[in-house]
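Engineer: Got a structure here, written out as structure tokens. Questions coming.
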Amino acid sequence: MSEDEDLVVSAMAINVTIPEALRWNDSRRGQEFRLDTLNVRMLPDGHLAAKAYGRPVQGGRGAYVSFTVPDRAELAALIAAAADRAADRWGAHQGLQ
């Protein structure tokens, strides 16, 4: 790729395992889910957006449904720390293997 070409990065996202102590339950369409994973995206303006995902409490696969992340300081801190860790890892990449 030459310096004259524009390189467009359209998305940057990471998946983060929620520590057990920070997990929560939420329901959708009458089914209760235990939220255990965050998907964190960096928006074009540099801010972060996050959605939570999990498994049905009753078992089974259930639907792949996103949930809003509650406004809790400890979850915001987890998201910020995960983004910082991802930035460090991206910055230290060693190219394609």
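In the numbering used here, the protein residues as written are 1254 to 1350. Note that beta-carbon positions come from the ideal geometry of N, C-alpha and C, so glycine has one too.
Closer than 8 Å by C-beta to Ala1266: which residues in its own chain qualify, once you throw out the five before and the five after it? Chain order, please.
Structural biologist: Here the set comprises Asn1292, Val1293, Arg1294, Met1295.
Engineer: Tell me which same chain residues have a C-beta within less than 6 Å of the C-beta of Ile1285, skipping the five on either side of it?
Structural biologist: Per the sequence shown, the amino acid found at residue 1285 is Glu instead of Ile. Around Glu1285: Asn1278, Val1310.
Engineer: Assign Ile1267 to one of three DSSP states: helix, strand, or coil.
Structural biologist: Here Ile1267 sits in strand by DSSP.
Engineer: Should Leu1260 go down as buried or exposed, given a rule of 16 or more other Cβ atoms within 10 Å for buried?
Structural biologist: Per the 10 Å Cβ criterion, exposed.
Engineer: Around the Cβ of Gly1307, are there at least 16 other Cβ atoms within 10 angstroms (buried) or fewer (exposed)?
Structural biologist: Label assigned to Gly1307: buried.
Engineer: Have a look at the DSSP bridge pairing and note the partners of Asp1279.
Structural biologist: Asp1279 pairs with Phe1286.
Engineer: Does the Cβ-Cβ distance between Leu1328 and Val1269 come in under 8 Å?
Structural biologist: Result no, Cβ atoms of Leu1328 and Val1269 do not sit closer than 8 Å.
Engineer: Over the uninterrupted beta strand (DSSP E) stretch that includes Ala1305, give me the two end residues.
Structural biologist: Looking at the DSSP string, the run of the beta strand (DSSP E) that includes Ala1305 is 1301-1309.
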